[in-house]
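So the protein sequences, as listed, match chains Z and F.
If you count the first sequence from 1, position 214 lands on 214 in my numbering, and the numbers rise without skipping.
Whatever position you read off the second sequence (first residue = 1), add 1000 for my numbering.
Only one structure is covered here, and it is reproduced in the block below.
There are 2 protein chains.
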Amino acid sequence: MSFHVHAKDLLGRVGTIRTKSGAFDTPHMFPVLDPYHQVLDQKFFEGAKIGAVMTNAYLLKRGQRSSGIPDVHTTLGFNRSVATDSGAYQILEYGGVQVKPAEIVEYQEKIGSDIGVILDVPTGFRSDPSRARWTVDETMRRADAALESMTREDILWMGPVQGGVHLREVERSAKEMSKRDFPIYALGSPTELMESQRYDILAEMVVAAKSNLPKGKPLHLFGAGHPVLFPFLVALGCDLFDSAAYALYARVGRYLTSEGTQLLGDMVEFSCPCPACADLSPAEVLNSDPKQRELRLVQHNLWACFSELRRIREAIRRGRLWELLESRARVHPALMDCFARIRSHAGLLESFTPVVKPHGIFHLSASSEDRPEALRYRAMLPGSTDERGRTVLVLPGRWRRPFHEDPRYQVVANSFDDHRNVSICYYSPSWGPVPIELDETFPIAQAEGRDLGDADLYQSKAGDVARFVKTLRPKSVILVSHGDFGRLVTEEMRKTLGKRRVVVLDGEKLKPQAIIKSVERKIA
Amino acid sequence: MSFHVHAKDLLGRVGTIRTKSGAFDTPHMFPVLDPYHQVLDQKFFEGAKIGAVMTNAYLLKRGQRSSGIPDVHTTLGFNRSVATDSGAYQILEYGGVQVKPAEIVEYQEKIGSDIGVILDVPTGFRSDPSRARWTVDETMRRADAALESMTREDILWMGPVQGGVHLREVERSAKEMSKRDFPIYALGSPTELMESQRYDILAEMVVAAKSNLPKGKPLHLFGAGHPVLFPFLVALGCDLFDSAAYALYARVGRYLTSEGTQLLGDMVEFSCPCPACADLSPAEVLNSDPKQRELRLVQHNLWACFSELRRIREAIRRGRLWELLESRARVHPALMDCFARIRSHAGLLESFTPVVKPHGIFHLSASSEDRPEALRYRAMLPGSTDERGRTVLVLPGRWRRPFHEDPRYQVVANSFDDHRNVSICYYSPSWGPVPIELDETFPIAQAEGRDLGDADLYQSKAGDVARFVKTLRPKSVILVSHGDFGRLVTEEMRKTLGKRRVVVLDGEKLKPQAIIKSVERKIA
Chain Z
1 MSFHVHAKDL LGRVGTIRTK SGAFDTPHMF PVLDPYHQVL DQKFFEGAKI GAVMTNAYLL
61 KRGQRSSGIP DVHTTLGFNR SVATDSGAYQ ILEYGGVQVK PAEIVEYQEK IGSDIGVILD
121 VPTGFRSDPS RARWTVDETM RRADAALESM TREDILWMGP VQGGVHLREV ERSAKEMSKR
181 DFPIYALGSP TELMESQRYD ILAEMVVAAK SNLPKGKPLH LFGAGHPVLF PFLVALGCDL
241 FDSAAYALYA RVGRYLTSEG TQLLGDMVEF SCPCPACADL SPAEVLNSDP KQRELRLVQH
301 NLWACFSELR RIREAIRRGR LWELLESRAR VHPALMDCFA RIRSHAGLLE SFTPVVKPHG
361 IFHLSASSED RPEALRYRAM LPGSTDERGR TVLVLPGRWR RPFHEDPRYQ VVANSFDDHR
421 NVSICYYSPS WGPVPIELDE TFPIAQAEGR DLGDADLYQS KAGDVARFVK TLRPKSVILV
481 SHGDFGRLVT EEMRKTLGKR RVVVLDGEKL KPQAIIKSVE RKIA
Chain F
1001 MSFHVHAKDL LGRVGTIRTK SGAFDTPHMF PVLDPYHQVL DQKFFEGAKI GAVMTNAYLL
1061 KRGQRSSGIP DVHTTLGFNR SVATDSGAYQ ILEYGGVQVK PAEIVEYQEK IGSDIGVILD
1121 VPTGFRSDPS RARWTVDETM RRADAALESM TREDILWMGP VQGGVHLREV ERSAKEMSKR
1181 DFPIYALGSP TELMESQRYD ILAEMVVAAK SNLPKGKPLH LFGAGHPVLF PFLVALGCDL
1241 FDSAAYALYA RVGRYLTSEG TQLLGDMVEF SCPCPACADL SPAEVLNSDP KQRELRLVQH
1301 NLWACFSELR RIREAIRRGR LWELLESRAR VHPALMDCFA RIRSHAGLLE SFTPVVKPHG
1361 IFHLSASSED RPEALRYRAM LPGSTDERGR TVLVLPGRWR RPFHEDPRYQ VVANSFDDHR
1421 NVSICYYSPS WGPVPIELDE TFPIAQAEGR DLGDADLYQS KAGDVARFVK TLRPKSVILV
1481 SHGDFGRLVT EEMRKTLGKR RVVVLDGEKL KPQAIIKSVE RKIA
């Protein structure tokens, strides 16, 4: 029973959870199985490499035959890891049923669950603050009662965090639950937020929980099972999900993709090449018998979820999770909103992201300004050079990296690189000021970006360049202007340092040797 | 032998090409097969639903055995549509070989090609303007000679457009080639641009050709075979591609995805669920025998290409090609650049896009401003209402559509909707001014968008609102301000119309009834 982390990016991580029945990789989604309506067999799960499922302990208990307590693995016909939900939600739903926390723990222990959930009280979406407070307190009391009653040590128990949309309650719940030693923590009540596409509030809920829970433990999010949300939720630190959506959607002809839900009846061809889609057309599936249709959709929906989870794991391993978010955010306006929320927690994301990455990163647009590498670059900048009071030679940092190898300006840079009275600083539409000292460091030299002529980005970066050069207390500034961005840098530099201290050379007209001569004259 | 179009979006379209050997859907990529090194059999192509391939007529001719002229379908073991390239590129490459245009036509006729290419002269990437001009002229002369020599009427011939990066030559070439009646036109020389990721120039080349060719004919782009580029090239009007990249990449362990190329050795798991990936891990494929490894990669690479083509076809059918571009542009900075170029041709894209779409559209960010629906909306706006000289009631257009059903302001709108001295206009961060007359029309009522608090978008849309309201020559303006955007609209309105003519009511503080009373007092 353990959780090992192999790779990290943003708050996301790739890990392995080991239970008494085997190991599986995270981020992972437990497909929720109905013990009384089984559509899939173990062979499918093996083929799709799904190492852990979930079922509802309460429903299992309710449907229990007289023959005694069932073994959950036998009942499901699944010999790898099985998680069980306490059924708290159903208990509330059906009302009136009195089940004690200890009873539910005992039952999960007896049926042989690998991962269990204590009997919490879901806050739900519509609770007012006082009801939310009560659900948090009552969940804590039940957690204590449950911890008291546990007898087996080979089950990974989840400690549920509640509070719903009341973020302070979520924070309090997370802090309190952290004091109890659960191997896994879990966040409840997101379902209605997902259904109403309030992914922005959902993001805040996850942040409130995650930032108050022990970092080394996995975080489970109850009831999340749509692939469009996985990249965002993983980026915020969720390691585990459970959902029956794959099956519920299948029953009504809904087909999950990383770009959203489609109706089978609306589709002409499958772009998905999974085993459930590769050989048939949507019309053929639609017209097959209802059981076959449901089976195909169930299988596809799971392949869609696990493809996306694998894509996310690969993105984390490559250090490209931010890039995945950039792309996936454009799949729906509600995801743009979610991404905007995530970006507003840039500092938190930064603190969890590795300092050096196996692959270069991409600077795509203004939104890339919030990525951890950009934050770090801006933080590193002020201390990057101790040269003060010199002539600062400001050169264009264009597409070629490192900038000093740009064939157009290489000889210029080489001529003054070791000059004791000259400092060299590049200006880049992605990074703003890049002193030559940082030109070969991560992420500058490993980042790909293009000059897209974005006027707002130009304006903000030109200001950054001028302000940075001012901090060098330059004796004088010689600026080689190139293109529209160069003109804007010129303007900002003159505004910030005064016209007379800035000499501007036209990089588009002058040859390198002419630039060198001009610079030599100025510093002579 | 025909080309039928079933659906259109931007310059992209879904069609069917019928040859003497069968039909296949476009956009389509002809996998280029090496007749002397065949890795795949017909069964694979059937399973992957690939209805047309390509091979090189010149290489076939060179390798020809003494036993006489082969049949191309028999040689390839493929009984569906086979396209043949003339081998012009190879002829130039190996030099000195004299093959006459008529000879190459005759050979393709004899081997039974379904789709043929005349012997053109590729301009290439590095030709100067005079060389480019010559290649265009010489290709035209050869086209005329080829057309002269054709004897079969059951072959679809491609008329190649050349000119390389010299856009005027591309335009001239397209115009001239249009005068010849080819069933398919083709654009040459993009390979080096793709290799150097100059997708921006590539986009301009395609536009130069496409906008000067007959609209009803398919456009083929030579040598394009990476799935990351397909959405962009299709959006610009390419219907057909051919490529051997899927096979060449496979030989060196390169794995194609819609998000870029990966090295097999760098991958831990496959997120692709295609038949070539579903059952093995990257390490298992890497360690299998070289032939097996190549076969797996070849198969996966083709699945990746055709998955993306199917995704594009579905996006066109749903009217969501723009949305696909928004997402795919974020996959790499060079694609952002390509998308920026595409957006600069907004007018051209608009002229090919259906006026009404089967599904609503998404307003994602400032880049959505260039989509055809946004252009049309702005064009429609000035004539949308003939009410002049009234009091204009300016209300917030928030998340709920149509705006007049926003529960917060519904009663306000209802109270004055039929008032003969009042016009109602909403302000929306996605659309700017929305007069109530347009509130229920496409795309306003069918568009999803979120208020992401984008300051630049606010500024530009607030100005649009004020300018539009001014065109109504209002007697007075009553503006219900809500949120940051409302405050900016207030500012712009006061600037444009003068402080005294704008009455501002605080939508966040006032109840609907209070707003109604205030408005009634003002118009009394």
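All C-beta atoms in this analysis are idealised placements derived from N, C-alpha and C, irrespective of residue type, glycine included.
Keep in mind that this is a model prediction, so the values were computed, not measured.
{"Asked": "Collapsed DSSP secondary structure at E1525 of chain F in the structure displayed", "Found": "A question about residue 1525 of chain F goes unanswered here, because the residues of chain F that appear run from 1001 up to 1524."}
{"Asked": "Proximity below 8 Å, CB of A1083 of chain F to CB of M1054 of chain F", "Found": "yes"}
{"Asked": "Neighbourhood of R1152 of chain F by C-beta distance below 8 Å, restricted to the same chain and skipping five residues each side", "Found": "E1109"}
{"Asked": "One or two residues paired with L240 of chain Z in a DSSP bridge", "Found": "Z:H28 and Z:H220"}
{"Asked": "Beta-ladder partner(s) of D85 of chain Z, from DSSP", "Found": "Z:N56"}
{"Asked": "Chain-order list of residues whose beta-carbon lies under 6 Å from that of L1202 of chain F (same chain, five-residue window excluded)", "Found": "P1190 and L1193"}
{"Asked": "Nearest candidate by alpha-carbon position, reference S86 of chain Z, set Z:K517, Z:E106 and Z:Y58", "Found": "Z:Y58"}
{"Asked": "Pairwise C-alpha distance: E314 of chain Z and M29 of chain Z", "Found": "16 Å"}
{"Asked": "Three-way DSSP call (helix, strand, coil) for G96 of chain Z in this model", "Found": "Confidence at G96 of chain Z is low in this model, with a pLDDT of 49, below 50, so its placement is unreliable and no value can be given for it."}
{"Asked": "C-alpha distance - M1 of chain Z paired with S1281 of chain F, whole-angstrom precision", "Found": "25 Å"}
{"Asked": "Listed by chain order, chain F residues near G319 of chain Z by CB distance under 7 Å", "Found": "In chain order: nothing, as chain F lies at least about 12 Å away."}
{"Asked": "Local Cβ density within 10 Å of G116 of chain Z, reported as buried at 16 or more and exposed below that", "Found": "buried"}
{"Asked": "Rounded Cβ spacing between V1394 of chain F and G1432 of chain F (contact assumed at less than 8 Å)", "Found": "Actually they do not touch by this definition, with Cβ atoms about 12 Å apart."}
{"Asked": "Nearest neighbour of E448 of chain Z, chosen from F:C1277, F:G1319, F:L1335 and F:N1079 [CA to CA]", "Found": "F:L1335"}
{"Asked": "Pairwise C-alpha distance: V1503 of chain F and H1482 of chain F", "Found": "14 Å"}
{"Asked": "Close Cβ partners of P1372 of chain F (< 6 Å) along its chain, the five nearest in sequence each way excluded", "Found": "L1349, E1350 and T1353"}
{"Asked": "Pick from F:C1338, F:R1401, F:A1209 and F:N1421 that is closest to D1439 of chain F, judged by C-alpha positions", "Found": "F:R1401"}
{"Asked": "Where the region 266 to 290 of chain Z meets chain F: residues whose CB sits under 8 Å from a CB there", "Found": "D266, M267, V268, E269, F270, S271, C272, P273, C274, P275, A278 and D279"}
{"Asked": "Proximal residues, the region 348 to 382 of chain Z versus chain F, C-beta separation under 7 Å", "Found": "F362, H363, L364 and S365"}
{"Asked": "Selected residue, minimal CA-CA separation from P1214 of chain F, among F:V1477, F:F1230, F:D1266 and F:D1181", "Found": "F:D1181"}
{"Asked": "Contained beta strand (DSSP E) runs [length at least 3] in the region 1099 to 1151 of chain F, N- to C-terminal order", "Found": "1115 to 1117"}
{"Asked": "Strand pairing of C425 of chain Z, partner residues [DSSP]", "Found": "Z:V394 and Z:P435"}
{"Asked": "8 Å Cβ cutoff met for P1027 of chain F and V1234 of chain F", "Found": "yes"}
{"Asked": "Interface positions of the region 446 to 468 of chain Z facing chain F (Cβ-Cβ less than 7 Å), listed along the chain", "Found": "E448, G449, R450, L452 and D456"}
{"Asked": "Counterpart residues of G159 of chain Z in DSSP-defined beta bridges", "Found": "Z:Y185"}
{"Asked": "L1240 of chain F and R1254 of chain F closer than 8 Å at C-beta", "Found": "no"}
{"Asked": "Beta-carbon proximity of I1316 of chain F to G1012 of chain F, cut-off 8 Å", "Found": "yes"}
{"Asked": "Whole-Å CB distance - H345 of chain Z paired with V207 of chain Z, under 8 Å assumed", "Found": "6 Å"}
{"Asked": "Interface partners of C1310 of chain F on chain Z, CB under 8 Å", "Found": "In the sequence under discussion, the amino acid at residue 1310 of chain F is Arg, which differs from the Cys named in the question. What R1310 of chain F touches in chain Z: E269, F270 and S271."}
{"Asked": "Enclosing alpha helix (DSSP H) for K1495 of chain F [first to last residue]", "Found": "G1483 to L1497"}
{"Asked": "Contact set between the region 1403 to 1414 of chain F and chain Z, restricted to residues whose Cβ is under 9 Å from the partner", "Found": "none"}
{"Asked": "Sequence-distant residues of the same chain with beta carbon closer than 7 Å to P1382 of chain F, five excluded per side", "Found": "T1471"}
{"Asked": "Short-range partners of chain F found in the region 331 to 345 of chain Z, where Cβ spacing is below 8 Å", "Found": "V331, H332, P333, A334, M336, D337 and A340"}
{"Asked": "Contact list for S1307 of chain F against chain Z, beta-carbon separation under 8 Å", "Found": "S271, C272 and P273"}
{"Asked": "Whether L1297 of chain F touches A1245 of chain F by CB criterion (8 Å)", "Found": "no"}
{"Asked": "Simplified DSSP assignment, three categories, for K8 of chain Z", "Found": "strand"}
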